[in-house]
Amino acid sequence: MHSRLHVRSPSLHVRCTPASPLREGDLAQIVVSGQHPTASAMEVSVIMWILGGAAALTEIMWGRNLFRPDVEAKMAQQSRYPDPRRKLAVAALLTLLALTACTTDNGPTATQAGQTLKNHVLQLLAERDASNVRVIDPGGRDLPCGDGKARRTFSATGMDVSKGSSQYVLRTAMLGALERVGHYKIVGQPRTTEAVRVADASSKTILTIDSPENGVYSISGETECLRAA
Numbered sequence: 001m002h003s004r005l006h007v008r009s010p011s012l013h014v015r016c017t018p019a020s021p022l023r024e025g026d027l028a029q030i031v032v033s034g035q036h037p038t039a040s041a042m043e044v045s046v047i048m049w050i051l052g053g054a055a056a057l058t059e060i061m062w063g064r065n066l067f068r069p070d071v072e073a074k075m076a077q078q079s080r081y082p083d084p085r086r087k088l089a090v091a092a093l094l095t096l097l098a099l100t101a102c103t104t105d106n107g108p109t110a111t112q113a114g115q116t117l118k119n120h121v122l123q124l125l126a127e128r129d130a131s132n133v134r135v136i137d138p139g140g141r142d143l144p145c146g147d148g149k150a151r152r153t154f155s156a157t158g159m160d161v162s163k164g165s166s167q168y169v170l171r172t173a174m175l176g177a178l179e180r181v182g183h184y185k186i187v188g189q190p191r192t193t194e195a196v197r198v199a200d201a202s203s204k205t206i207l208t209i210d211s212p213e214n215g216v217y218s219i220s221g222e223t224e225c226l227r228a229a
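Below, the structure is given as structure tokens:
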């Protein structure tokens, strides 16, 4: 005759206070009848503790107006309808920038362009290692050209190192050296037997490059009609 063995599994009773932190010896107040806390019970305890901390943080944010529907609605309304004073400030700034753009520099004066002209002529002769340089027209004075404007002139000559170089060779050599002097471009259709006219739009200067005879450089220049100063 066999006796029956009745086994009653221990019941698990869980009692949590999520807002309170865990304390040693009080593992989320989990009580297991006849058993030590199991791994699953410990997981439940930790999850409930995290939820309790999140609830407490939400309450703090609510109290400091960091998470309130009325505050969010007000911020959304402000972004949708900007302050009129801000619009006026932006409009004033744009107007000021437009006025500044309208009063920008109109380029060099006749005096300034005349000095640039002189520098370019002498530099071009120096690029060709010209000797016995002579200033033919020193310029230095305004030549009226109407509407309150004026132009300046300057010209000089020099000797080539090889006094037997042809006129064509000297003109071509000066054209090749121009890129080291300024941003000059040829005006019209140049001919090998005539002087070449070049202009620099940025400096408002015009040069006439020539060689009246073998071995002689000749450069004459003028400015555009510019503001007299």
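Heads up: the sequence shown begins at 1 in the working numbering, then just goes up one per residue. We put the beta carbon where it would ideally sit given N, CA and C, even for glycine.
On a CA-only basis, which of the options is nearest residue i? Give me that one, please.
i	options	result
residue 156	202, 197, 125, 213	125
residue 223	133, 160, 199	199
residue 214	170, 153, 137, 149	170
residue 135	142, 129, 154	154
residue 178	114, 115, 141, 119	119
residue 176	209, 228, 140, 216	209
residue 137	149, 221, 165	221
residue 161	129, 123, 211, 106	129
residue 266	144, 147, 217	Absent from the model: residue 266. The displayed extent of the chain is 1 to 229, so no value can be given.
residue 228	122, 149, 127	149
residue 122	225, 180, 144, 226	180
residue 225	127, 141, 133	141
In the structure shown, what three-state DSSP assignment does residue i receive?
i	result
residue 184	coil
residue 193	coil
residue 176	helix
residue 169	helix
residue 114	helix
residue 121	helix
residue 127	helix
residue 224	coil
residue 229	coil
residue 132	strand
residue 201	coil
residue 109	coil
residue 139	coil
residue 161	coil
residue 144	strand
residue 30	With a pLDDT of 40 at residue 30, under the threshold of 50, the modelled position of this residue cannot be trusted; read the value that follows with caution. Looking at residue 30 - three-state DSSP - the assignment turns out to be strand.
residue 46	Note that residue 46 has pLDDT 46, beneath the 50 cutoff, so the model's placement of it is unreliable and no number is given.
residue 216	strand
residue 152	coil
residue 41	Bear in mind that a pLDDT of 47 at residue 41, under 50, signals an unreliable position, so the number given afterwards is only what the model happens to contain. It is helical.
For residue i, does the count of other Cβ atoms within 10 angstroms reach 16, so buried, or fall short, so exposed?
i	result
residue 163	exposed
residue 151	buried
residue 185	exposed
residue 196	buried
residue 193	exposed
residue 168	exposed
residue 114	buried
residue 131	exposed
residue 187	exposed
residue 219	buried
residue 182	buried
residue 139	buried
Taking one C-beta from the region 194-208 and one from the region 107-122 each time, how about it: are there three or more such pairs within less than 8 Å? yes
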